[in-house]
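S.K.:
Residue numbers (the numbering used here): 112 to 371.
Printed below as a string of structure tokens:
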């Protein structure tokens, strides 16, 4: 007769924003965690609700370890989020190296954020009917960062570059992405199509005036067109409104013509 495996115990402590993923009674404190066998530290972290893409450093009994480290019971495990300003050289940093160019694929609930990212010039794949498998395949094959509020998506083993968005307002989500990936200096406003993600090219006034309302042709001189879908863009009062809306959450688009 097989004897049941013994129940083992270790202690966990999560820091900073990782606490958002935990049950309320486990946040910002050391708590006991019980398990059977010798699971990997990654398995236990995700069982507690924290996606591996959010973790940058794990210490087991004050020693830096990788996700594959096996727990046997009796350990004290401390888990840290992404370090933006702290040098942890020499420790086992668990997040993969940043992608050389930051491009994104967004889940189906982030359509407004996709539009904002494109308006700021960031290569952003989005469609309102992507399923999770497609999102992961696009992320892996095109080396894109998955942005989502679905922790289950980020727990998929194939996802190496991803981020959970804590904010719910699209403008604040934009600021969260810019801060997390240090993208403020890479903003290139109005170089991509907000609708399809295509790049924009300059169009002469002589060409554009044949397509736009007469009033627009009289007021405006700067036009651009999406190379992909052909949509025509020009400066207007909407740019001033957009600038003000993003300025409210700390995103500066630089000088944009004000409303008359």
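The C-beta atom is built at its ideal place from N, Cα and C for all residues, glycine as well.
Have a look at residue 97 and residue 337 and give me their C-alpha separation to the nearest angstrom.
M.R.: Since the first residue shown for the chain is 112 and the last is 371, residue 97 is missing from the structure and cannot be characterised.
S.K.: Taking 8 Å as the threshold, find out whether the stretch 168-187 comes into contact with the stretch 118-125 through three or more Cβ pairs.
M.R.: Segments in contact, yes.
S.K.: On the criterion of 16 or more Cβ atoms from any shown chain inside 10 Å, does residue 321 qualify as buried, or is it exposed?
M.R.: Here residue 321 refers to the residue found at position 210 when the chain shown is read from its first residue. Exposed, because fewer than 16 other Cβ atoms sit within 10 Å of the Cβ of residue 321.
S.K.: For the pair the stretch 219-233 and the stretch 254-271, tell me if three or more CB-CB distances fall below 8 Å.
M.R.: Segments in contact, yes.
S.K.: Thinking just about the alpha-carbon of each residue, which of 159, 123, 137, 328 is nearest to the one in residue 263?
M.R.: The residue given as residue 263 occupies position 152 in the chain shown. Checking every option, the nearest Cα to that of residue 263 belongs to 159.
S.K.: With distances taken Cα to Cα, identify the nearest neighbour of residue 342 among 291, 329, 313, 331.
M.R.: Start at 1 with the first residue of the chain shown, and residue 342 comes out as number 231. That would be 313, whose Cα lies nearest to the Cα of residue 342.
S.K.: Pick helix, strand or coil for residue 150, following the three-state DSSP scheme.
M.R.: As a working note, residue 150 is residue 39 in the chain shown. Coil, per DSSP.
S.K.: At 3 residues or longer, and completely inside the stretch 263-341: list those beta strand (DSSP E) runs for me, N to C.
M.R.: The qualifying runs are 273-275, 311-314, 334-337.
S.K.: By Cβ distance, which residues of its chain are closer than 8 Å to residue 128, with the 5 residues on each side in sequence left out?
M.R.: Indexing the chain shown from 1 puts residue 128 at position 17. Same-chain partners within the cutoff: 165, 192, 277.
S.K.: How many angstroms separate the CA atom of residue 195 from the CA atom of residue 295?
M.R.: Locating residue 195 in the chain shown gives position 84, where the first residue counts as 1. Locating residue 295 in the chain shown gives position 184, where the first residue counts as 1. Summary for residue 195: the model assigns pLDDT 46, below 50, so the residue's position carries little reliability; its value from the coordinates is reported in the next sentence. Rounded to whole angstroms, residue 195 to residue 295 spans 14 Å at the Cα level.
S.K.: Per DSSP, what kind of secondary structure is residue 227 in: helix, strand or coil?
M.R.: Residue 227 sits at position 116 when you count from the first residue of the chain shown. In the structure shown, residue 227 sits in a helix (DSSP, three-state: H, G or I).
S.K.: CB residue 300 to CB residue 364, shorter than 8 Å?
M.R.: Taking the first residue of the chain shown as 1, we reach residue 300 at position 189. Taking the first residue of the chain shown as 1, we reach residue 364 at position 253. For residue 300 and residue 364, yes; Cβs fall inside 8 Å.
S.K.: For the beta strand (DSSP E) containing residue 172, name the first residue and the last one.
M.R.: As a first step, residue 172 is located in the chain shown; it is residue number 61 there, counting from the start. Here residue 172 belongs to no beta strand (DSSP E), and DSSP marks it neither H nor E.
S.K.: Is the beta carbon of residue 255 closer than 8 Å to that of residue 360?
M.R.: Counted from its first residue, the chain shown places residue 360 at position 249. Counted from its first residue, the chain shown places residue 255 at position 144. The answer is no: Cβ separation not under 8 Å.
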